[in-house]
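A.B. asks: Note that my numbering has the sequence shown beginning at 1076, numbered continuously upward.
Just so it is clear, CB atoms sit at the ideal spot from N, CA and C, and this is done for glycine as well.
None of these values were measured; they are calculated from a predicted model.
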Amino acid sequence: SIDDDASSSSFRIAQQKCTEAGIRELTITEKTAPPIPKSKSPIMAYAELDMLLVTCPFDSDEQRVILESIVEDVPDVPANPKEKPSQEQLRKLSEMRERKKHLLMTASGPCRQVLQRILKLQKVVASYEK
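Below, the structure written as structure tokens:
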């Protein structure tokens, strides 16, 4: 039919343009499973962190705001591990530690478990960004 010829022709033109642009043809077979990222990969850490931030059973909106401030306001520390942090950096780190401790102490059981995982993943994700 004319429609089949037209779609077949447009497919060949698209395929030719991809070849000219250096784009390889994507072949999908039913028996090939899609690649699954390794559980320790950065993409899985980011995905889990995003999911937990959205689904965390916060006890209050204030708790959410405190967690966001902890996750977003990570104090700068010297890039060189042999270099000592300044007094101001140490003060900010201590302050953040206290906020984390207070957040976890005041959270309910189910919320505390998720918060602990979020804080751990946040460290993992930060290590990928260095």
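Along the alpha helix (DSSP H) that carries Ser1202, what are the first and last residues, could you check?
C.D. replies: By 1-based counting over the sequence shown, the position of residue 1202 is 127. It spans 1184 to 1203 - the alpha helix (DSSP H) in which Ser1202 sits, taken as one unbroken run.
A.B. asks: Please classify Glu1146: does DSSP put it in a helix, a strand, or coil?
C.D. replies: In the sequence shown, residue 1146 corresponds to position 71, counting from 1. Note on identity: in this sequence residue 1146 is Val, with Glu being the wrong assignment. Three-state result, Val1146: helix.
A.B. asks: Based on Cα-Cα distance, which residue from Cys1131, Asp1148, Asp1125 lies nearest to Gly1184?
C.D. replies: Translated into positions along the sequence shown, residue 1184 becomes position 109. Among Cys1131, Asp1148, Asp1125, the Cα nearest to that of Gly1184 belongs to Cys1131.
A.B. asks: Give me the residue from Val1129, Val1152, Lys1159 with the minimum Cα distance to Glu1143.
C.D. replies: Numbered from its first residue, the sequence shown carries residue 1143 at position 68. It is Val1129.
A.B. asks: Beta carbon of Ile1145, beta carbon of Lys1175: below 7 Å?
C.D. replies: Position 70 of the sequence shown holds residue 1145. Position 100 of the sequence shown holds residue 1175. Yes.
A.B. asks: Short of 6 Å in beta carbon distance, which residues of its chain neighbour Arg1139, apart from the five on each side in sequence? Order them along the chain.
C.D. replies: If you number the sequence shown from 1, residue 1139 lands on position 64. Phe1133.
A.B. asks: In whole angstroms, what separates the C-alpha of Val1199 from that of Arg1192?
C.D. replies: Here residue 1199 corresponds to residue number 124 of the sequence shown, with the count starting at 1. Here residue 1192 corresponds to residue number 117 of the sequence shown, with the count starting at 1. Using only the alpha carbons, I get a separation of about 11 Å.
A.B. asks: Under three-state DSSP, which class holds Lys1115?
C.D. replies: Here residue 1115 refers to the residue found at position 40 of the sequence shown. In the structure shown, Lys1115 sits in coil (DSSP, three-state: anything other than H, G, I, E or B).
A.B. asks: Between the alpha carbons of Gln1197 and Ser1161, how many angstroms are there, rounded?
C.D. replies: Position 122 of the sequence shown holds residue 1197. Position 86 of the sequence shown holds residue 1161. Going by the C-alpha atoms only, they are around 23 Å apart.
A.B. asks: Could you check which residue in Arg1187, Asp1148, Asp1125 has the C-alpha nearest to that of Glu1170?
C.D. replies: Here the question's residue 1170 lines up with position 95 in the sequence shown. Of Arg1187, Asp1148, Asp1125, the residue nearest in Cα terms is Asp1148.
A.B. asks: Looking at Leu1194: is its Cβ nearer than 7 Å to the Cβ of Ile1141?
C.D. replies: For the purposes of this step, residue 1194 is taken as the residue at position 119 of the sequence shown. For the purposes of this step, residue 1141 is taken as the residue at position 66 of the sequence shown. No, they are not a contact pair.
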